[in-house]
Amino acid sequence: MKYNSVKENHLYSKAYSKGKKQVTKHIVVYVLRDYEAEKLRCSRPDRKIINRIGITVSKKLGGAVERNRTKRIIREAYRKVDCSVQLKKGFIIIIVARSAAVNAKTDDIYKDFFYAANRLEMIKA
47 MKYNSVKENH LYSKAYSKGK KQVTKHIVVY VLRDYEAEKL RCSRPDRKII
97 NRIGITVSKK LGGAVERNRT KRIIREAYRK VDCSVQLKKG FIIIIVARSA
147 AVNAKTDDIY KDFFYAANRL EMIKA
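The sequence shown begins at 47 in my numbering and counts up by one.
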């Protein structure tokens with residue numbers, strides 16, 4: 047399972063404004079079709095298409111230790127969902143942690159992300 051990070055601010059803004067959104071207890075998931083991946087697929091079909099992931103944890107949720115722990119748990123939840131059910135590729139996925147995510151266990155975040163991915167039709171049939 048390989049993914050790239052979203053580093054450009056304009057992609058976050060575009061996902062927030064034009065992407066589909068699903069809110070759960072611990073996280074908010076924004077999904078937007080990655081048109082750069084579509085162009086790459088057309089021009090170079092031998093290249094593998096992957097998702098671009100952005101994880102956001104506000105400073106309001108705690109210090110650096112709590113924020114980094116929350117990001118690790120969210121990354122692990124994404125990995126587990128992608129390995130178990132194979133998410134569709136070619137998307138920009140932004141995951142925003144809510145205040146309940148700081149004290150959450152990995153399984154709680156996993157269940158929330160699985161639910162959100164299912165509702166956003168990200169799971170391959």
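Don't be surprised by glycine CBs; every beta carbon is placed ideally from N, CA and C.
Give the single residue among the options whose Cα lies nearest to the Cα of residue i.
{"i": "residue 69", "options": "79, 162, 171", "result": "162"}
What number of angstroms, rounded off, separates the C-alpha of residue i from the C-alpha of residue j?
{"i": "residue 164", "j": "residue 58", "result": "22 Å"}
{"i": "residue 35", "j": "residue 147", "result": "Because the chain here runs from 47 to 171, residue 35 falls outside it and cannot be looked at."}
{"i": "residue 82", "j": "residue 114", "result": "29 Å"}
{"i": "residue 102", "j": "residue 140", "result": "8 Å"}
{"i": "residue 90", "j": "residue 50", "result": "18 Å"}
{"i": "residue 172", "j": "residue 142", "result": "Residue 172 lies beyond the residue range present for the chain, which begins at 47 and ends at 171; the question has no answer from this structure."}
Span of the alpha helix (DSSP H) holding residue i?
{"i": "residue 57", "result": "55 to 64"}
Taking residue i as part of the beta strand (DSSP E), name the residues at either end of that continuous run.
{"i": "residue 102", "result": "98 to 102"}
Would residue i pass as an interface residue toward chain C - the criterion being a Cβ-Cβ separation below 7 Å?
{"i": "residue 168", "result": "Among the chains of the structure shown, chain C does not appear; only one protein chain is present."}
When DSSP builds the beta bridges, which residues end up paired with residue i?
{"i": "residue 68", "result": "75"}
{"i": "residue 133", "result": "169"}
My assumption, with CB atoms under 8 Å, is that residue i sits in contact with residue j. Please give the rounded CB distance.
{"i": "residue 169", "j": "residue 78", "result": "Rounded, the Cβ-Cβ distance is 17 Å, inconsistent with contact."}
{"i": "residue 71", "j": "residue 158", "result": "6 Å"}
{"i": "residue 96", "j": "residue 52", "result": "Residue 96 to residue 52, Cβ: 12 Å. No contact."}
{"i": "residue 160", "j": "residue 111", "result": "Actually they are not in contact, since the Cβ atoms of residue 160 and residue 111 sit about 26 Å apart, beyond 8 Å."}
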